[in-house]
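From first to last, the protein sequence lines stand for chains Z and L.
Mapping of the first sequence onto my numbering: position 207 corresponds to residue 216, and the numbering continues sequentially without gaps.
Mapping of the second sequence onto my numbering: position 162 corresponds to residue 190, and the numbering continues sequentially without gaps.
Some notes on the structure that comes next.
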Amino acid sequence: MPALEFRDVSFARPGGNRVLDHFALNVESGEVLALVGRSGAGKTTLLKLANRLLLPDSGAVVVDGCDTREWDPIRLRRRVGYVLQDVGLFPHMTVEQNIGVVPRLEGWPAGRIAARAAELLDLIGLAPEQFASRWPDELSGGQRQRVGVARALAVDPPVLLMDEPFGALDPVTRAELQAEFRRIQNQLHKTVIIVTHDMGEAFALGDRLGVIDDGALVACDRSAAIVESHDPRVRRLLDAVTLLSPPEAESQRSRAAPAAEVREGGAPRPIK
Amino acid sequence: MVMAVIAFWKSHAAELAGLMAQHVLIVAISTMVAVAIGVPLGVFASRRPRLSAPIVGIVNIVQTVPSLAMFGFLLPVPLLGGVGPRAAVVVLILYGLLPIIRTTIAGIAGIDASVREAGVAMGMTPNELLRLVELPIALPSIAAGIRVAAVVGVGSATIAAAIGAGGLGEYIYRGLSMVDTTVILAGAIPAALLALSVDGGLLWVERQLLTRRRTRSRRAAVSLAAAAVAAVLLSSGLVAGRSGGAIVVGSKNFTEQMILGEIIAETIERDTGLTVKRRLNLGGTLICDRALMTGDIDVYVEYTGTALTAIFHQPITPDARASDSLEPGAPGVGPRRLEGGGAPRAVDVDNVFPRVRDLYARSGRTLLPPLGFDNTFAILVRGSDARQLGLRTIEDAAREAPHWRAGFGYEFLERPDGYAGLARTYGLRFASAPRVMDLTLSYRALASRQVDLIAGDATAGLIKSLDLVRLEDNRQYFPPYDAVPVARAQMLLRYPQVRAAIERLAGRISADDMQAMNYAADGRHEDVSAIVRRFLAERPRGAR
Numbered sequence: 010m011p012a013l014e015f016r017d018v019s020f021a022r023p024g025g026n027r028v029l030d031h032f033a034l035n036v037e038s039g040e041v042l043a044l045v046g047r048s049g050a051g052k053t054t055l056l057k058l059a060n061r062l063l064l065p066d067s068g069a070v071v072v073d074g075c076d077t078r079e080w081d082p083i084r085l086r087r088r089v090g091y092v093l094q095d096v097g098l099f100p101h102m103t104v105e106q107n108i109g110v111v112p113r114l115e116g117w118p119a120g121r122i123a124a125r126a127a128e129l130l131d132l133i134g135l136a137p138e139q140f141a142s143r144w145p146d147e148l149s150g151g152q153r154q155r156v157g158v159a160r161a162l163a164v165d166p167p168v169l170l171m172d173e174p175f176g177a178l179d180p181v182t183r184a185e186l187q188a189e190f191r192r193i194q195n196q197l198h199k200t201v202i203i204v205t206h207d208m209g210e211a212f213a214l215g216d217r218l219g220v221i222d223d224g225a226l227v228a229c230d231r232s233a234a235i236v237e238s239h240d241p242r243v244r245r246l247l248d249a250v251t252l253l254s255p256p257e258a259e260s261q262r263s264r265a266a267p268a269a270e271v272r273e274g275g276a277p278r279p280i281k
Numbered sequence: 029m030v031m032a033v034i035a036f037w038k039s040h041a042a043e044l045a046g047l048m049a050q051h052v053l054i055v056a057i058s059t060m061v062a063v064a065i066g067v068p069l070g071v072f073a074s075r076r077p078r079l080s081a082p083i084v085g086i087v088n089i090v091q092t093v094p095s096l097a098m099f100g101f102l103l104p105v106p107l108l109g110g111v112g113p114r115a116a117v118v119v120l121i122l123y124g125l126l127p128i129i130r131t132t133i134a135g136i137a138g139i140d141a142s143v144r145e146a147g148v149a150m151g152m153t154p155n156e157l158l159r160l161v162e163l164p165i166a167l168p169s170i171a172a173g174i175r176v177a178a179v180v181g182v183g184s185a186t187i188a189a190a191i192g193a194g195g196l197g198e199y200i201y202r203g204l205s206m207v208d209t210t211v212i213l214a215g216a217i218p219a220a221l222l223a224l225s226v227d228g229g230l231l232w233v234e235r236q237l238l239t240r241r242r243t244r245s246r247r248a249a250v251s252l253a254a255a256a257v258a259a260v261l262l263s264s265g266l267v268a269g270r271s272g273g274a275i276v277v278g279s280k281n282f283t284e285q286m287i288l289g290e291i292i293a294e295t296i297e298r299d300t301g302l303t304v305k306r307r308l309n310l311g312g313t314l315i316c317d318r319a320l321m322t323g324d325i326d327v328y329v330e331y332t333g334t335a336l337t338a339i340f341h342q343p344i345t346p347d348a349r350a351s352d353s354l355e356p357g358a359p360g361v362g363p364r365r366l367e368g369g370g371a372p373r374a375v376d377v378d379n380v381f382p383r384v385r386d387l388y389a390r391s392g393r394t395l396l397p398p399l400g401f402d403n404t405f406a407i408l409v410r411g412s413d414a415r416q417l418g419l420r421t422i423e424d425a426a427r428e429a430p431h432w433r434a435g436f437g438y439e440f441l442e443r444p445d446g447y448a449g450l451a452r453t454y455g456l457r458f459a460s461a462p463r464v465m466d467l468t469l470s471y472r473a474l475a476s477r478q479v480d481l482i483a484g485d486a487t488a489g490l491i492k493s494l495d496l497v498r499l500e501d502n503r504q505y506f507p508p509y510d511a512v513p514v515a516r517a518q519m520l521l522r523y524p525q526v527r528a529a530i531e532r533l534a535g536r537i538s539a540d541d542m543q544a545m546n547y548a549a550d551g552r553h554e555d556v557s558a559i560v561r562r563f564l565a566e567r568p569r570g571a572r
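Written as structure tokens, this is what we have:
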């Protein structure tokens, strides 16, 4: 049984703007699925459907064999860790208190919360004695992102949703955190959906890759198979990666500019 | 000046402490209630943005009503209004709501969207989100609103003395009505200091809330603030509670009334041993009347002519008996002459007292025997003018009036037995429309030539001290204004000894006595209670 399943899901924004159109996807227990797509492709909507921040217009989202419509939203959300792009650490709480929020809601005793926070700080590579009592605005961007991951893992949820988790970081820190993530995942074996607009990140993190374009899944396979794809919508994303990857020479960077222009400016809308 | 104020504080230390305690108590209670209402309302408004604008709009409008007007609006409102600290607390709550609601909304709206989203995504219920995320983050902003509400409250509470709420405004009003800067400052200085220290103290708490670096000091700040509030409430409650008593004596807001109120209060205390609560300096006639109706006060001194015309809207004419004007709803202002009648008719002096007594009796109030003097309106001019122009009567003055300016108190301009009828009776016309001014200030305005004619009280002490001359009412426009205690019949039934005590004052205060006492207060700035004690001591209890 897949841990998470999108069955023929359609979803439109209140304005009538269709975001997902008969979308289908299975995520197996313990795998990391990286979903790639351009901004506005509907990636964040997918995550919000998975923890019932949104409900589908038609079709069903099934978590642990149970339709999200039947889940108590509070219970479901505490079973599903969520890491936001801009983290959203609570500014009035220390690192330890931030990590301890869900355990506290679950009524854990204080001692157990403190122990768990220390354990997680160790896991994400921040020394507890040094970081537990710090405030969010005393952390660097990468440290904040790590704390965000620790907070999402606090009650050991089987499923983890990550929305562009390392998007706002500089390339070096991002690479570091990606490696860190793989290390942690090898220990924990969570079911993870990561959404990103960065194909490079998707390759670095995902066991499988899904490519979303205009509300539909156009490809979903192991990285090796994706690289071979001839689908123009997949190729466009792949080309952007090769153009922008860091070790490339000067000449290639100059070619990146027109490519970026195409992406942002008058990119041809995919044919329906 | 400074020395005089300090001397005043020294001689009134106990009273000052009591007023300060009342002041703090009013502000503390109203601010706390405003928080209890305002914060939930602000949260509600931020949950429903569509209702936010109307809510803020309404509170905004409330805020624009001048506080004195607000006290006026509340006077007839049952439960919330009336006179005394309760109405003051209600008004202060209304004023406190706006800053608190606003800062609550702003504090919650200022929270980073991703922070709120994180809370929801982590499975917080709306209540948990509010308790753990929204309120703590909005707290410094809300605290700023509470500070504004409290500081505004300290200021507005001084005005509440006009409706007998007590507090430091009591000195300010007393000083205004006695034209005594020392007494005004004696109230204004501590009020300003109180506002500054409330501002400073709450600002400190706010800063502690903002610097969440040291959780311990923040917690200390919160518990310190809580302890301070509790201590203030407790001590204020104790001090203010001591002034609570069985019989409440009221008075209007001018010197003579405060002296009379003090005489009644002192007499009841001396003769019956009952506790007396003084609510002196209560605004004008109608406020006192309303307070007596609602039971906020038990007794005050009224004037027969005033009761007849201003309270019961009865005509002054003696024909009342014949025309049966005792009927409720009888036509209001009495014409000076009969329609089509010939000669001007004298006011039937003997008739006024029984008529007023009957009118009071119908509404559960008892008119007690007159104190012995008639405080009629006195049309006053400067002594120099009177001598130079040979003025003796109001009729004489009417000749000069076209070159003159007049200044009248609010009441005199509005009352049925006031300016309009006087002008009609004597054909008075002035160079310009009469200036509206505070009754007490008008004496000095006349003496300093800002105006040339005023309507004062016949017994005013300032008449003598400022060399003013009273013109004779030769057409007998004014009804008699015998000073008479009015009391709630219920209270008199319960405490017959109070009735006996007040009745022993009947006929004991002559017009000369009254003028002398008024002069002692207004001219020599003596303390009202000292004047009253001396007066009562010189005249031991009369024979029964």
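Note that the Cβ used here is the ideal one computed from N, Cα and C, for glycine as well.
Supposed close pair residue i, residue j - CB separation, criterion 8 Å
{"i": "P11/Z", "j": "V89/Z", "result": "That pair is no contact at about 15 Å."}
{"i": "Q126/L", "j": "A115/L", "result": "It is Leu, not Gln, that sits at residue 126/L in the sequence shown. Actually they do not touch by this definition, with Cβ atoms about 19 Å apart."}
{"i": "A414/L", "j": "Y454/L", "result": "With 8 Å as the limit, A414/L and Y454/L do not qualify as a contact, their Cβ atoms being about 16 Å apart."}
{"i": "L13/Z", "j": "V41/Z", "result": "Incorrect: roughly 12 Å between the Cβ atoms, too far for contact."}
{"i": "Q298/L", "j": "V111/L", "result": "Correcting the residue type first, residue 298/L is Arg in the shown sequence and not Gln. That belief does not hold up - the Cβ atoms of R298/L and V111/L are roughly 26 Å apart, past 8 Å."}
{"i": "H198/Z", "j": "G39/Z", "result": "4 Å"}
{"i": "L494/L", "j": "I422/L", "result": "Wrong, their Cβ atoms sit about 19 Å apart, outside the cutoff."}
{"i": "A467/L", "j": "F282/L", "result": "With the sequence shown as reference, residue 467/L is identified as Leu, and Ala is not the correct amino acid for it. Confirmed, Cβ separation roughly 6 Å."}
Residue i in three-state terms, based on DSSP
{"i": "D222/Z", "result": "strand"}
{"i": "D424/L", "result": "helix"}
{"i": "N546/L", "result": "helix"}
{"i": "Y123/L", "result": "helix"}
{"i": "D216/Z", "result": "coil"}
{"i": "T404/L", "result": "coil"}
{"i": "E367/L", "result": "Because the pLDDT at E367/L is just 36, under 50, the model does not fix this residue reliably, and the point stays unresolved."}
{"i": "E14/Z", "result": "strand"}
{"i": "P398/L", "result": "coil"}
{"i": "R47/Z", "result": "coil"}
{"i": "E330/L", "result": "strand"}
{"i": "Y523/L", "result": "coil"}
{"i": "Y140/L", "result": "Per the sequence presented here, residue 140/L reads as Asp, with Tyr not at that position. Coil, per DSSP."}
{"i": "N35/Z", "result": "strand"}
{"i": "T200/Z", "result": "strand"}
{"i": "A62/L", "result": "helix"}
{"i": "K280/L", "result": "coil"}
{"i": "R457/L", "result": "coil"}
{"i": "T340/L", "result": "For the record, residue 340/L in the displayed sequence is Phe; it is not Thr. It is coil, neither helix nor strand."}
Exposure of residue i, with buried meaning 16 or more beta-carbon neighbours within 10 Å
{"i": "I235/Z", "result": "buried"}
{"i": "R452/L", "result": "exposed"}
{"i": "L122/L", "result": "buried"}
{"i": "G535/L", "result": "exposed"}
{"i": "V105/L", "result": "exposed"}
{"i": "G301/L", "result": "exposed"}
{"i": "F436/L", "result": "buried"}
Inset, instruction - For the stretch 124-138 of chain Z and the stretch 80-88 of chain Z, state whether three or more C-beta atom pairs, one from each stretch, are separated by less than 8 Å. - result: no
Inset, instruction - Would you be able to state if there are at least three C-beta pairs under 8 Å between the stretch 510-517 of chain L and the stretch 389-407 of chain L? - result: yes
Inset, instruction - Please confirm if the stretch 54-67 of chain L is in contact with the stretch 207-220 of chain L, defined as three or more CB-CB distances below 8 Å between the two stretches. - result: no
Inset, instruction - Output, in sequence order along the chain, the residues in the stretch 49-67 of chain Z whose CB is closer than 7 Å to any CB in chain L. - result: N60 and L62
Legend entry - Residues in the stretch 97-130 of chain Z having any Cβ partner in chain L nearer than 7 Å: G97, F99, P100, H101, V110, V111 and L114
Legend entry - Proximal residues, the stretch 164-187 of chain Z versus chain C, C-beta separation under 9 Å: No chain C appears in the structure shown, which is made up of the protein chains Z and L.
Inset, instruction - Below 8 Å between beta carbons is the criterion; list the residues of the stretch 452-472 of chain L that meet it against any residue of chain Z, in chain order. - result: Answer set for the stretch 452-472 of chain L: empty.
Legend entry - Contact the stretch 145-165 of chain Z vs the stretch 90-101 of chain Z: 3+ CB pairs below 8 Å: Contact check between the stretch 145-165 of chain Z and the stretch 90-101 of chain Z: three or more CB pairs, one atom from each, fall below 8 Å, which counts as touching.
Inset, instruction - For the stretch 180-195 of chain Z and the stretch 21-34 of chain Z, state whether three or more C-beta atom pairs, one from each stretch, are separated by less than 8 Å. - result: no
Legend entry - Any 3 or more C-beta pairs closer than 8 Å across the stretch 188-204 of chain L and the stretch 44-56 of chain L: Verdict: yes, contact present.
Inset, instruction - Using a Cβ-Cβ cut-off of less than 9 Å, list which residues of the stretch 69-87 of chain Z approach chain L; keep chain order. - result: P82, I83, R84, L85, R86 and R87
Inset, instruction - Could you please tell me which residues of the stretch 144-160 of chain L, in chain order, have their CB closer than 9 Å to any CB of chain Z? - result: R144, E145, A146, G147, V148, A149, M150, G151, M152, T153, E156 and L160
Inset, instruction - Below 7 Å between beta carbons is the criterion; list the residues of the stretch 161-178 of chain L that meet it against any residue of chain Z, in chain order. - result: V161, P164 and I165
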